[in-house]
Amino acid sequence: MKTSLKVEGMTCVNCARTIEINLKRLKGVKSVEVSFELGRVQVEFDEELLSVENIKEAIESLGYRVSKGTEERNKDLFILLFCIFISLFFIPLMFFHNVRVEFVLASLVQIIGGYSFYKSAYRSLISGVGNMDLLVALGSTGAYLYSVLTMLKVLEGSPFFETSVFLITFVRLGKYLEERAKERAVKSLKELFGIQTSKVRLLRKDGKEEEKNVQEVFIGDIILLRTGDLVPLDVYVLEGKVEVDESVITGESKPVLKTAGQRIFSGSLIINGYAKAKVEKTLAGSYVSLLIKLVEDALKQKPKIHRIADRVAHYFVQVVVIISLLVFTLWYLSTGDLQKSVSFALSVLVISCPCAFGIAVPLVLTVGLLRAYRKGLLVKNPSVLERIKDIDVLLLDKTGTLTESIPKVVKAVFHTEDALDLAFSVANASNHPRAKAIRDYCEQMKAKTVSLQDCTEVPGEGIYCGDYYLGNPSALGMNHKNSITVLTKGKEIIGEFHLEERIRSDVKDTLNYLKNRGIKLVMITGDAQENARRIANALGIEEFYAEVKPEDKLAVLEKYQSMGHRVGMVGDGINDAPAMAKAHVSFAVGSGTDIAKRVCDVVILSGLQGIKDLFEMADVVSRRIKQNLFWAFFYNALGIPVAGGLFSSYGVVLKPEIAGLMMVLSSLSVVINSIRK
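If you count by full-length UniProt numbering, then the sequence shown holds residues 1 to 677, one letter each, in order.
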């Protein structure tokens with residue numbers, strides 16, 4: 001059994017690692033996947049040995065919260081406002097030096113504002129994975145205890161209670177802003193999760209309406225759809241008509257009219273109208289659930305640069321604690337000044353920012369993947385954003401990629417009276433674009449259905465129904481120069497359909513963009529040589545392969561790979577699955593309703609323009625990851641020596657609270673750079 005839980009309180013990737021390590025220790029747990037970016041934990045477990053409640057208890061015992069509600073959010077905001085109020089109150093106290101009042105106020109902040117840091121620090125120590133909260137807890141506690149001991153005259157020096165107060169306040173404020181920023185970044189996916197918890201208007205058998213949770217609706221139930229409704233389940237219309245925004249499926253927001261008998265997929269928005277609809281799939285099997293799974297699976301995978309950054313963040317805390325102890329020892333041995341030694345050591349602890357390393361890569365990837373989704377691009381593996389830049393040859397399937405998915409019949413010739421009806425009936429056995437075009441034409445000509453048996457579709461050839469065949473004439477050894485589909489009875493041609501393909505409107509701009517990137521374009525198609533040449537010439541594609549069967553596409557791809565090229569491929573992801581699977585990066589162009597069947601790295605819902613969008617997005621993601629990692633390295637490489645007092649002889653000294661503020665700003669700058677447009 002699998003369960004997916006929303007978990008609050010993770011402050012960095014090491015928190016996610018803490019949860020993962022502890023859950024894997026539970027008897028009955030098979031696998032654990034934690035997404036820090038989305039705040040979700042997915043656990044596969046043996047339900048005979050473990051329950052969902054046991055898993056929730058294990059997570060909450062570590063100090064995290066499962067499915068945090070509005071009350072908890074308000075509590076966090078109240079604590080932040082309380083800390084800010086005390087900090088403002090501290091400003092005049094710094095001049096009047098009322099140590100007792102400072103002690104009381106600092107103690108309140110330490111208990112109320114610092115409690116969550118202590119919990120997080122404790123669980124990180126238990127799991128053996130240090131995190132940012134451990135550094136904050138050590139820094140604030142060190143400043144507080146030193147101030148208490150100096151106040152009691154146990155140690156010489158002056159108390160600096162304001163350090164612990166400002167440090168906790170600054171970090172809490174930074175985490176609040178960071179959380180809000182990340183929420184905006186994953187808003188589109190949260191909206192999809194929202195569909196899963198929405199309500200529907202159920203039409204009962206007595207004719208009355210009843211509002212129900214979407215989880216309580218079953219196949220065969222009838223629901224009512226009105227203007228403004230977000231459809232939470234896959235349904236088909238029984239009565240009425242509605243205009244629907246299907247951009248979640250097609251990537252295009254143009255309204256589509258749906259009438260009786262037509263399907264509406266979950267995630268669609270009712271723009272206008274009213275309809276009664278019958279539930280075809282429950283929530284678990286709906287398109288939105290599939291879409292969420294694909295996006296979540298993509299976010300769980302870590303490309304190489306992500307894994308490297310995670311390793312740096314993992315060991316960073318231990319290294320910082322050691323450096324802090326060395327700074328304290330060196331300063332105390334060289335000066336004998338305890339207060340100065342403690343101050344420098346605390347500054348090193350709190351200025352160090354493991355989160356800058358921890359979120360430098362995953363947040364950029366998360367934002368990139370979700371922005372790709374909003375542009376009609378379903379990226380199944382984030383490593384695509386690394387690999388796509390290496391492509392130097394791109395194989396392009398013609399039909400449905402370079403040309404409109406459904407061609408148009410411009411001429412039909414029938415040699416028998418029943419040829420029209422037979423063609424219509426044979427075409428009904430296939431969803432191939434040519435079969436759809438012929439079916440549409442026959443419907444316009446008022447064709448009737450003829451009963452046929454044993455219909456079989458052979459990829460690259462056509463449809464066989466007993467003695468009848470509809471498809472490519474070359475499959476029967478016939479030579480035709482033009483783009484033609486024949487209907488035969490035995491060896492006799494009884495019908496001919498001349499089809500014309502129209503080049504997609506977004507193709508030329510995209511191909512020019514790819515050429516300018518230095519990518520060699522190669523068209524590959526099962527169509528006749530003459531028609532393939534016509535399309536290739538119109539698009540300026542110098543190399544093309546015609547009359548290629550689906551199983552032969554792999555050989556073409558391997559030919560270029562053997563020459564040392566990194567070959568990408570654009571196809572349908574179904575008929576050319578072997579070639580797509582071996583491509584450096586593979587793209588499937590089509591509707592989102594069959595994305596699970598498509599063997600590819602990226603499903604393009606919005607046309608070939610999506611490839612250009614993805615290349616540009618990969619450039620942005622790569623650039624921002626480099627910027628974030630450079631900043632994280634530069635900040636820590638400069639900040640730690642400054643905080644340790646290396647430049648104190650020049651008057652450059654960082655108090656612990658200022659060091660804490662710099663740590664917050666560093667983390668926040670990485671977040672802002674990651675989510676900016």
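Where is the CB? At the ideal position from N, CA and C, for every residue including glycine. In this text the structure is predicted, and so the values were computed from the model without any measurement.
### Message
The beta strand (DSSP E) that contains SER622, what's its start and end?
### Response
First-last for SER622: 609-643, but that is the alpha helix (DSSP H), not the beta strand (DSSP E).
#### Entry: Inside the segment 507-532 only - beta strand (DSSP E) runs reaching at least 3 residues
The segment 507-532 contains these whole beta strand (DSSP E) runs: 520-524.
### Distance between beta carbons of TYR513 and THR488, contact taken as under 8 Å
Not really, about 43 Å apart at Cβ, beyond 8 Å.
### Task
Taking the CB atoms as reference points, tell me whether THR510 and LEU394 lie closer together than 8 Å.
The answer is no: Cβ separation not under 8 Å.
### Message
Rounding to the nearest angstrom, what Cα-Cα distance links GLU246 and PRO473 in this structure?
### Response
If I take the Cα positions, the gap works out to 37 Å.
### Query
Comparing alpha-carbon positions, which option in GLY466, GLU417, ASP418, GLY460 lies nearest HIS432?
Looking at GLY466, GLU417, ASP418, GLY460, the one whose alpha-carbon comes closest to that of HIS432 is GLY460.
### Query
Over what stretch of residues does the alpha helix (DSSP H) that includes CYS442 continue unbroken?
433-444 is the extent of the alpha helix (DSSP H) around CYS442.
### Query
Hey, quick one: how far does the beta strand (DSSP E) through GLY660 stretch, first residue to last?
Unbroken run through GLY660 is the alpha helix (DSSP H), 656-675; no beta strand (DSSP E).
#### Entry: Whether LEU363 touches VAL671 by CB criterion (8 Å)
In this structure, VAL671 lies closer than 8 Å to LEU363 by Cβ.
### Query
Considering only residues of the same chain and omitting the five flanking positions on each side of ARG204, which have a CB-CB separation below 7 Å?
So the list reads GLU210, once near-sequence residues are dropped.
### Query
Quick one: what's got a C-beta closer than 6 Å to ILE658's C-beta in the same chain, skipping five residues either side?
Excluding sequence neighbours, ILE658 sits near nothing in its chain.
### Task
Look up GLY400 in the DSSP assignment and say whether it is helix, strand or coil.
GLY400 falls in the helix class under three-state DSSP.
### Task
Give the range of the beta strand (DSSP E) segment to which LYS276 is assigned.
Start and end: 269-281.
#### Entry: Separation of ARG502 from ALA275, as counted between CA atoms
In a straight line, the C-alpha of ALA275 is about 35 Å away from that of ARG502.
### Query
By a C-beta neighbour count over all protein chains shown, 10 Å radius and 16 as the cutoff for buried, is MET1 buried or exposed?
It is exposed - the Cβ of MET1 has fewer than 16 other Cβ atoms within 10 Å.
### Task
Using beta-carbon positions only, say whether LEU452 and VAL426 come within less than 8 Å of one another.
Cβ distance < 8 Å, so LEU452 and VAL426 count as in contact.
### Message
If I measure Cβ to Cβ from residue 678 and keep anything under 7 Å in the same chain, skipping five residues before and after, which residues do I get?
### Response
This structure cannot settle anything about residue 678, because the visible part of the chain is limited to 1 through 677.
### Task
Decide if PHE647 is buried, meaning its Cβ has at least 16 other Cβ atoms within 10 Å, or exposed.
That one is exposed.
### Task
For my contact list, ALA58 and LEU23 are in at a C-beta cut-off of 8 Å; report their separation, rounded to the angstrom.
Rounded, the Cβ-Cβ distance is 6 Å, consistent with contact.
### Message
If distances are taken between C-alpha atoms only, which option among VAL361, LYS411, MET569, ARG534 comes closest to SER622?
### Response
The residue with the shortest Cα to Cα distance from SER622 is VAL361.
### Query
So which of VAL599, VAL384, GLY644 has the shortest CA-CA distance to GLU616?
In this structure, VAL384 is the residue among VAL599, VAL384, GLY644 with its C-alpha nearest to the C-alpha of GLU616.
### Residue interval of the beta strand (DSSP E) (run including ILE484)
Per DSSP, ILE484 belongs to the beta strand (DSSP E) from 484-489.
### Query
Does the distance from the CB of HIS498 to the CB of ILE519 come in under 8 Å?
Going by C-beta atoms, HIS498 is not nearer than 8 Å to ILE519.
### Query
If you compare alpha carbons, which of SER324, ASN516, GLU48, GLU216 is closest to VAL136?
If we check each option's Cα against that of VAL136, SER324 comes out closest.
### Query
Would you say the segment 336-348 touches the segment 627-647, given that touching needs at least three Cβ pairs under 8 Å?
Because the criterion of three Cβ pairs below 8 Å is met, the segment 336-348 and the segment 627-647 touch.
### Message
Once DSSP output is grouped into helix, strand and coil, what is the label at LEU5?
### Response
Residue state, collapsed to three classes: strand.
### Task
For PHE170, collect the residues of the same chain with a Cβ closer than 6 Å to its Cβ; drop the 5 residues on either side in sequence, then sort them by chain order.
Taking C-beta separations shorter than 6 Å and ignoring five residues to either side along the sequence, the partners of PHE170 in its chain run GLY660, LEU661, VAL664, following chain order.
### Query
What is the DSSP secondary structure of GLU60, counted as helix, strand or coil?
Judged by DSSP in its simplified three-state form, GLU60 adopts helix.
### Task
Identify which residue in LEU233, THR163, ARG201, GLU48 has its Cα closest to the Cα of CYS83.
Comparing Cα-Cα distances from CYS83 to each of LEU233, THR163, ARG201, GLU48, the minimum goes to THR163.
### Task
Identify the continuous beta strand (DSSP E) that holds MET580 and give its terminal residues.
The continuous stretches of beta strand (DSSP E) do not include MET580, which lies in the alpha helix (DSSP H) extending over residues 577-582.
### Query
In the DSSP assignment, what are the bridge partners of GLY240?
In the DSSP output, where bridge partners are listed per residue, GLY240 has ALA275.
### Query
Are there 16 or more other CB atoms within 10 angstroms of the CB of TYR635, so buried, or fewer, so exposed?
Label assigned to TYR635: buried.
#### Entry: N-terminal and C-terminal residue of the alpha helix (DSSP H) that GLU33 is part of
Annotation: GLU33 is outside any alpha helix (DSSP H); the continuous beta strand (DSSP E) that includes it extends over 29-35.
### Query
Out of curiosity, what's the CA-to-CA distance linking TYR441 and THR259?
Near 21 Å, if we compare the C-alpha coordinates of THR259 and TYR441.
#### Entry: Outcome for THR366 when other beta-carbon atoms lying within 10 angstroms are tallied against a minimum of 16
Classification for THR366: buried.
### Message
So, with DSSP's three-state summary, where would you put ASN54?
### Response
DSSP, read as helix, strand or coil, puts ASN54 in helix.
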